[in-house]
Amino acid sequence: MLKEIHSARLVKGQDLNHHGTLFAGRIAEWFTESCFLAVSRFTGTPENIVCVKIHGLTFSRPAQSGDTIEIVTRVIKTGTTSLTVSSEVFINDDGTSVVKGFATFVTVDGDGKPYAHGLDLPAEYIRQFRELHEEALALQK
17 MLKEIHSARL
27 VKGQDLNHHG
37 TLFAGRIAEW
47 FTESCFLAVS
57 RFTGTPENIV
67 CVKIHGLTFS
77 RPAQSGDTIE
87 IVTRVIKTGT
97 TSLTVSSEVF
107 INDDGTSVVK
117 GFATFVTVDG
127 DGKPYAHGLD
137 LPAEYIRQFR
147 ELHEEALALQ
157 K
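Letter 72 of the sequence shown, counting from 1, is numbered 88 in my numbering, and no numbers are missing.
What follows is the structure, encoded as structure tokens:
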């Protein structure tokens, strides 16, 4: 089933860096986890998915302790063995994305060898998210 994944987090003291803002490594962890959840839901086989690349996380504004984070994630491109996911992070229901990026996952068998997953995105879905799909295609070049 193809759905956006919405994950929410509360920024706490243990999530902060030495500047008192959300540690980039923590948001990268949350980002990757959300991307994994989107791929897992799409494939239905979370045990056969591995992350192979995180593409250009771009940070435009820091989060503070007490802020709420919402991560919106969707599968945006399928390859033979790969699935690319787009994710955006929002702070406190602002509506402005403060972190954007993509992650690519590969389906693997029990021996860790990639296999063709046989999944495609519906044409209407690709049209709806054309800009993100084109960005994902450009990542492969």
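Glycine included, every Cβ here is placed at the ideal spot set by N, Cα and C.
Three or more C-beta pairs below 8 Å linking the stretch 72 to 88 and the stretch 33 to 43
They touch, by the three-pair rule.
Measure the alpha-carbon distance for residue 65 versus residue 116 and round it to whole angstroms.
In the sequence shown, the residue the question calls residue 65 occupies position 49. In the sequence shown, the residue the question calls residue 116 occupies position 100. For residue 65 and residue 116, the distance between alpha carbons rounds to 22 Å.
Kindly confirm or deny that the stretch 92 to 99 and the stretch 144 to 151 touch, where touching means at least three C-beta pairs closer than 8 Å.
yes
Relative to the C-alpha of residue 132, which candidate in 34, 61, 45 has its C-alpha closest?
As a first step, residue 132 must be located in the sequence shown, where it is residue number 116. Closest option to residue 132, Cα to Cα, is 61.
So, is residue 54 buried or exposed, given that buried needs 16 or more other C-beta atoms within 10 angstroms?
For the purposes of this step, residue 54 is taken as residue 38 along the sequence shown, with counting starting at 1. The residue in question, residue 54, is buried, as its Cβ has 16 or more Cβ neighbours within 10 Å.
Decide if residue 76 is buried, meaning its Cβ has at least 16 other Cβ atoms within 10 Å, or exposed.
Taking the sequence shown and counting its residues from 1, the one referred to as residue 76 is at position 60. So residue 76 ends up on the exposed side.
In the DSSP assignment, the alpha helix (DSSP H) including residue 90 goes from what residue to what residue?
The residue given as residue 90 occupies position 74 in the sequence shown. Segment 84 to 94 is the beta strand (DSSP E) holding residue 90; no alpha helix (DSSP H) there.
Which residue or residues does DSSP assign as beta-bridge partners of residue 106?
Reading the sequence shown from its first residue, position 90 is the one you call residue 106. Answer is 86, 113, bridged to residue 106.
Nearest candidate by alpha-carbon position, reference residue 181, set 130, 19, 99, 104
Outside the displayed span of the chain (17 to 157) sits residue 181, for which this structure offers no information.
Between residue 49 and residue 43, what straight-line distance do the alpha-carbon atoms span, to the nearest angstrom?
Sequence index remark: in the sequence shown, residue 49 carries index 33 (1-based). Sequence index remark: in the sequence shown, residue 43 carries index 27 (1-based). Cα to Cα, residue 49 sits roughly 10 Å from residue 43.
Quick one: residues in its chain with C-beta nearer than 7 Å to the C-beta of residue 33, no 5 flanking neighbours on either side, listed in chain order?
As a position in the sequence shown, residue 33 is number 17, starting the count at 1. For residue 33, where only same-chain residues beyond five positions count, the Cβ hits under 7 Å are 39.
From 27, 89, 68, residue whose alpha carbon lies closest to that of residue 130:
As a first step, residue 130 must be located in the sequence shown, where it is residue number 114. Measuring C-alpha to C-alpha distances from residue 130 to each of 27, 89, 68 identifies 68 as the nearest.
If we ignore side chains and look at the alpha-carbon of each, how far apart do residue 108 and residue 127 end up?
Here residue 108 refers to the residue found at position 92 when the sequence shown is read from its first residue. Here residue 127 refers to the residue found at position 111 when the sequence shown is read from its first residue. Cα to Cα, the separation comes out at about 42 Å.
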